[in-house]
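K.L.:
Numbering (my numbering), first residue to last: 27 to 204.
Each residue gets a CB set at the ideal place from its N, CA and C atoms; glycine is no exception.
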Amino acid sequence: MTRQEKKFSGSALEGKHHINLTVNGQLYELAIGTGAGKVNPSDTLSFTLRETLGLTGTKVSCDSGACGGCTVIMDGRAVLSCMLLSIECDEKEITTIEGLKNPKTGELDPLQQSFIDHTAFQCGFCTPGMIMSSKALLNDNPSPTEEEVKEALSGNFCRCISHYQIVRAVMAVSGKGK
């Protein structure tokens, strides 16, 4: 038994040589292993999104789950992609900031446009995580209260701007459906 096979022994991935991730509506079958285009068992989801799939909108700042910069939506919930191993995400549906725009027209999601309209960003590094946390909230609750927006964003930190503009941007699209 190889070292890699020992790691999967007794797990749902035992005997598997690949994982399937649906990212922004596109299915990816990724080989488990080391080397180009493969997913190492120790790779985080944020690493796989950025380095393997080239989706660099997901930002990694603290790399320890404290800042929210790496937030993506997985199976409808906001998750910290730096805290999940890619192999744990087998058969999951993931949406990144790149997946919010309309694929046919390229038009921004109303939430993305609201962040622009309300100047709810400064350097922009944390903005994707803020938008993804907000999007998960709005998908679950299209008409949140201001307190619910603040709670949903409580795990996202920004050093550049006040959260007031961000809350205003989210509230501007709340109540308008998904």
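CA-CA distance, Ala195 and Met100?
P.N.:
Going from the Cα of Ala195 to the Cα of Met100 covers about 23 Å.
K.L.:
Under 8 Å, do Val49 and Leu137 count as touching if we go by C-beta distance?
P.N.:
no
K.L.:
Just the Cα atoms here: how many angstroms apart are Gln52 and Thr84?
P.N.:
17 Å
K.L.:
What do you get for Lys143, buried or exposed, if any count of 16 or more other CB atoms within 10 angstroms of its CB means buried?
P.N.:
This sequence places Asp at residue 143; Lys is not what is there. The residue is exposed, with fewer than 16 neighbouring Cβ atoms inside 10 Å.
K.L.:
Pull up the DSSP beta-bridge partners for Glu119, would you.
P.N.:
Thr48
K.L.:
Given this structure, state the Cα-to-Cα distance separating Ile157 from Ile123, to the nearest angstrom.
P.N.:
Distance between the alpha carbons of Ile157 and Ile123: 8 Å.
K.L.:
For Gly155, which residues from the same chain have a beta carbon less than 7 Å from its beta carbon, with the 5 sequence-adjacent residues on both sides left out?
P.N.:
Lys85, Gly94, Gly95, Cys96, Thr97 and Asn182
K.L.:
Just the C-alpha distance for Glu117 and Ile45, rounded to the nearest angstrom, thanks.
P.N.:
Looking at the two C-alpha atoms, the distance is approximately 7 Å.
K.L.:
Assuming Thr78 contacts Leu56 (C-beta within less than 8 Å), just tell me the rounded distance between them.
P.N.:
7 Å
K.L.:
Taking only three categories from DSSP, how would you classify Thr153?
P.N.:
helix
K.L.:
For Met109 versus Gly125, is the C-beta distance shorter than 8 Å?
P.N.:
no
K.L.:
Can you give me the C-alpha to C-alpha distance between Cys186 and Thr145, rounded to a whole angstrom?
P.N.:
Those two C-alpha atoms are separated by around 12 Å.
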